[in-house]
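As given, the protein sequences belong to chains A and B, one line each in that order. Numbers 125 to 445, taken from the working numbering, label the letters of the first sequence in order. Numbers 125 to 445, taken from the working numbering, label the letters of the second sequence in order. C-beta atoms are modelled at their ideal positions from N, C-alpha and C, and glycine is treated no differently. Here the structure is a predicted model, which means the values were calculated and not measured. Report on the following structure.
Number of protein chains: 2
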Amino acid sequence: MSGIEGIDVLVSEVGPRDGLQSIKSIMPTEAKKAWIAAEAAAGVREIEVCSFVPAKLLPQMADAAEVVRYACTIPGLTVLALVPNFKGAENAIAAGAHKIALPLSASETHSRANLRKSHAEVLDDVRKIAELVRSLPADRRPGFEGNVSTAFGCTLEGPVAEDKVVELAAALMAAGCDEVGLSDTTGYANPAQLKRLIRLVRQEIGHDRLSGVHLHNTRGLGLANALAALEEGVTTLDSSLGGLGGCPYAPGASGNIVTEDLVFMLDAMGLKTGIDLDRLLAVREILKAALPAEEMYGFTPDAGLPKGYGAGGWGVGRAAA
Amino acid sequence: MSGIEGIDVLVSEVGPRDGLQSIKSIMPTEAKKAWIAAEAAAGVREIEVCSFVPAKLLPQMADAAEVVRYACTIPGLTVLALVPNFKGAENAIAAGAHKIALPLSASETHSRANLRKSHAEVLDDVRKIAELVRSLPADRRPGFEGNVSTAFGCTLEGPVAEDKVVELAAALMAAGCDEVGLSDTTGYANPAQLKRLIRLVRQEIGHDRLSGVHLHNTRGLGLANALAALEEGVTTLDSSLGGLGGCPYAPGASGNIVTEDLVFMLDAMGLKTGIDLDRLLAVREILKAALPAEEMYGFTPDAGLPKGYGAGGWGVGRAAA
């Protein structure tokens with residue numbers, strides 16, 4: 125379909141960062157390590173393991189450096205860390221993160237609420253971080269991704285101008301990011317809007333500079349939006365195990381798309397994720413045990429895999445049984 | 125996107141049939157009437173209001189004839205009734221249904237469980253019903269739709285051969301149906317499989333003979349599948365208010381796609397449904413009051429509409445604010 129048969133899709137797990145920063149419970153460091161290890165063992169190749177924010181703001185992330193150092197010992201895993209500012213980038217790099225990601229909210233109101241900074245102030249940080257990154261020896265130089273958050277609308281400002289998103293994506297590249305992602309922080313995106321904005325941003329910054337999309341399932345459109353992104357040739361999709369997560373500064377915007385349901389969709393379609401679905405589903409037990417008070421989402425875990433799944437009959441290029 | 129900008133989509137509400145037949149509670153006739161009237165008033169143009177099955181099998185449908193007669197008094201509403209056999213068709217026609225739909229399960233095991241009939245026996249009924257329909261004067265002749273159910277897999281048999289689905293769609297047309305729909309009774313479908321099967325069936329029976337698709341959200345892929353169908357040019361989508369419904373003979377296969385989330389997606393994309401989203405969301409109160417014991421699904425009702433929604437900034441062809 126739409127020329128995406130059999131493509132390789134990178135599912136980037138963001139639960140340990142986006143999920144854990146958005147809930148009251150604080151997951152013990154050992155549980156975070158077990159979660160990260162288990163998902164990597166299930167075949168997940170990239171995990172955003174933490175955010176380097178002051179512990180007084182997000183106590184859930186107080187062990188960020190330790191979690192990064194541990195995750196970096198897992199062979200083949202790309203370890204991503206969110207950095208809200210220069211200090212966070214210094215700490216993430218010191219801990220050895222393979223990639224750092226900085227959010228720039230298309231909504232300046234949300235930017236001030238989230239990072240306490242204007243667009244200009246965030247872009248100043250991006251330039252300083254890019255200098256620091258470039259100053260490092262190649263073997264210690266992390267990838268540097270900028271993310272335009274609230275790119276599809278803001279719970280504080282409402283609609284966000286697409287021109288503004290394109291402008292900020294270009295500004296992030298000009299300030300020194302390697303690539304730029306688009307985040308539906310608030311769960312406002314729809315498939316038509318997503319396809320349109322992906323095209324507009326690529327026209328501006330170059331097709332291969334769009335790193336991926338970060339989607340939420342706030343209004344149930346998460347997987348439809350993921351499909352739309354795939355059809356536009358986007359092959360990196362963020363998701364969160366159990367659908368944990370959201371944005372603490374965007375009320376109501378809870379719930380990343382669910383990794384389990386996303387991987388089921390991709391796998392059933394015959395796309396390649398490298399993830400073992402049964403092993404992935406088993407990782408939920410770690411979350412349930414460590415976060416007994418938190419609600420977990422996802423339909424596939426409750427319904428189970430279809431009868432005879434994997435025996436053929438599903439997905440592109442698979443012969444019907 | 126994909127040439128579907130601004131198209132008119134018919135959302136066919138199936139909750140009063142598929143929803144109510146699948147739950148233990150029996151909705152009072154007056155509540156059914158209030159529900160149907162309220163959704164029609166919100167702009168829903170087609171509603172599958174009941175199934176003409178013996179009350180001893182489905183007491184939830186004991187008032188089928190009365191519900192059809194009432195629904196037919198609502199101006200502009202297309203009143204659909206499910207008929208499992210010839211007797212049911214006679215009763216539906218006597219009550220004045222505008223359209224009758226008969227399910228033929230691609231899985232013969234499911235067919236025997238659901239209708240106690242083999243494929244051949246069901247097709248015999250279809251021929252008899254088609255004769256009856258043709259014998260009626262034009263002003264009293266209902267549309268006659270065949271539905272290939274468990275078309276994407278069966279909870280009893282597992283994978284279903286696509287050739288079998290195509291063969292049965294052709295058999296339904298040959299037996300006298302006006303059009304044929306495809307039903308993911310079990311919530312097994314994925315977007316690639318759905319697109320492929322839509323193409324295969326249309327190649328066999330003719331592009332304009334595929335009446336629509338009936339999707340479930342069992343594994344969370346419901347709206348992604350709906351998007352895939354739209355991109356194939358399918359413009360009639362079944363859904364159920366509050367996601368009520370499923371198949372009592374297919375364990376675990378609960379939950380039609382949620383009308384509220386589907387209409388939000390279509391509306392946000394700039395597609396035309398004729399449905400007032402706020403009025404549609406308000407109809408949930410009728411279900412909550414009449415079915416206090418039943419779980420209702422849907423993300424949009426909990427999250428609410430995006431801030432500034434409708435003021436522009438969303439959807440194809442809408443200028444960003």
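Using DSSP's beta-bridge definition, name the partner residues of His338/A. Under DSSP, the beta-bridge partners assigned to His338/A are Ser307/A and Asp362/A.
For a contact defined as C-beta to C-beta under 9 Å, what are the partners of Met393/B on chain A? Asn314, Pro315, Ala316 and Gln317
Got a sec, what are the start and stop residues for the alpha helix (DSSP H) Ser229/A sits in? Counting along the chain, Ser229/A falls outside any alpha helix (DSSP H), though it belongs to the beta strand (DSSP E) covering Lys223 to Ser229.
Please name the residue in Pro430/B, Pro227/B and Lys252/B whose C-alpha comes closest to that of Arg240/B. The residue with the shortest Cα to Cα distance from Arg240/B is Pro227/B.
Cβ neighbours of Ala195/B in the same chain (closer than 7 Å, five flanking residues each side left out): Ile160, Ile171, Val173, Leu201 and Val203
Backbone CA spacing between Gly376/A and Lys431/B [nearest angstrom]: With a pLDDT of 48 at Gly376/A, under the threshold of 50, the predicted position of this residue should be treated as unreliable, though the coordinate-derived value follows. Rounded to whole angstroms, Gly376/A to Lys431/B spans 11 Å at the Cα level.
Check whether the stretch 319–330 of chain A and the stretch 396–414 of chain B touch, using three or more Cβ-Cβ pairs below 8 Å as the test. A contact is defined here as three or more CB-CB pairs under 8 Å, and the stretch 319–330 of chain A fails this definition with respect to the stretch 396–414 of chain B.
Exposed unless 16 or more other CB atoms sit within 10 angstroms - verdict on Ala374/B: Any reading at Ala374/B needs caution, since the residue's pLDDT is 49, under 50, leaving its predicted position unreliable; the model's value is listed next. Here Ala374/B is buried: its Cβ has 16 or more other Cβ atoms, across all protein chains shown, within 10 Å.
Checking contacts by CB at 8 Å: is Leu351/A closer than that to chain B? yes
Give the single residue among Pro208/A, Arg408/A and Gly379/A whose Cα lies nearest to the Cα of Ile147/A. Gly379/A
Residue from Leu334/B, Lys396/B, Pro425/B and Glu418/B whose Cα sits closest to the Cα of Leu134/B: Comparing Cα positions, the closest option is Lys396/B.
Per the contact definition of three or more C-beta pairs closer than 8 Å, is the stretch 381–399 of chain B in contact with the stretch 329–347 of chain B? Because the criterion of three Cβ pairs below 8 Å is met, the stretch 329–347 of chain B and the stretch 381–399 of chain B touch.
Under 8 Å, CB to CB, which of the residues in the stretch 222–246 of chain A have a partner in chain B? none
Taking only beta-carbon atoms, is Pro283/B less than 8 Å away from chain A? yes
Give the DSSP bridge partners of Ser136/B, in chain order. Glu170/B and Asp362/B
DSSP-derived helix/strand/coil call for Ala205/A: strand
Unbroken alpha helix (DSSP H) run spanning Val191/A, endpoints: Ala188 to Ala195
Chain A within 8 Å of Lys345/B, Cβ atoms only: For the sequence presented, residue 345/B should be read as Leu rather than Lys. For Leu345/B, the answer is yes, since a Cβ of chain A falls inside 8 Å of its Cβ.
Okay, do the stretch 406–419 of chain B and the stretch 288–295 of chain A touch, 3+ Cβ pairs below 8 Å being the bar? The stretch 406–419 of chain B, when compared against the stretch 288–295 of chain A, does not touch it at the 8 Å Cβ threshold.
Would the beta-carbon of Gly369/B fall within 8 Å of that of Gly143/B? yes
Look up Asn380/B in the DSSP assignment and say whether it is helix, strand or coil. strand
Residues that Asn349/B bridges to, as DSSP identifies them: Note: Asn349/B sits in no beta bridge, so no partner.
Just to check, is the beta-carbon of Arg193/B closer than 7 Å to a non-hydrogen atom of the ligand MG? As presented, the structure is devoid of all ligands, the ligand MG included, so that no description of it is given.
Any Cβ of chain B within less than 8 Å of the Cβ of Ala427/A? Yes, its Cβ sits closer than 8 Å to a Cβ of chain B.
Residue environment, Glu355/B, which counts as buried when at least 16 other CB atoms sit within 10 Å: buried
Mind checking which residues open and close the alpha helix (DSSP H) that includes Asn238/B? Judged by DSSP secondary structure, Asn238/B falls within the alpha helix (DSSP H) whose first and last residues are Glu232 to Leu239.
Is the Cβ of Met420/A closer than 8 Å to any Cβ of chain B? No, no contact with chain B.
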